[in-house]
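Each residue of the sequence shown is one higher than the one before, counting from 1 in the UniProt record's numbering.
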Amino acid sequence: KLVVGEKSFFLQPGEKLQNGIQDVFILGEDEGVILKCIEAFKDTQANVNRNPGDRWMIRGPT
1 KLVVGEKSFF LQPGEKLQNG IQDVFILGED EGVILKCIEA FKDTQANVNR NPGDRWMIRG
61 PT
């Protein structure tokens, strides 16, 4: 499940954070991040199916 934006939630029994608690990084207007998919999922914001190995860029606020 993809969680977008600032959210608070409790882990369910048996769940864990893969890399523990991490610092948040907020993109500036002139910044972007290239993502690489490691698990297939439906990207509902871009209305596209992402598959392992796919790469795409997200940009900071405009």
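Built from N, CA and C at the ideal position, the CB exists for glycine as well.
- In this structure, Asn51 is the residue among Gly60, Phe10, Asn51 with its C-alpha nearest to the C-alpha of cysteine 37.
- Taking C-alpha positions only, glutamine 45 is separated from valine 4 by approximately 10 Å.
- Taking a contact as a CB-CB distance under 8 Å, the pair methionine 57 and isoleucine 34 counts as one, their CB atoms being some 5 Å apart.
- The three-state reading of DSSP puts valine 24 in coil, since its state is none of H, G, I, E or B.
- In the displayed model, lysine 36 falls within a strand according to three-state DSSP.
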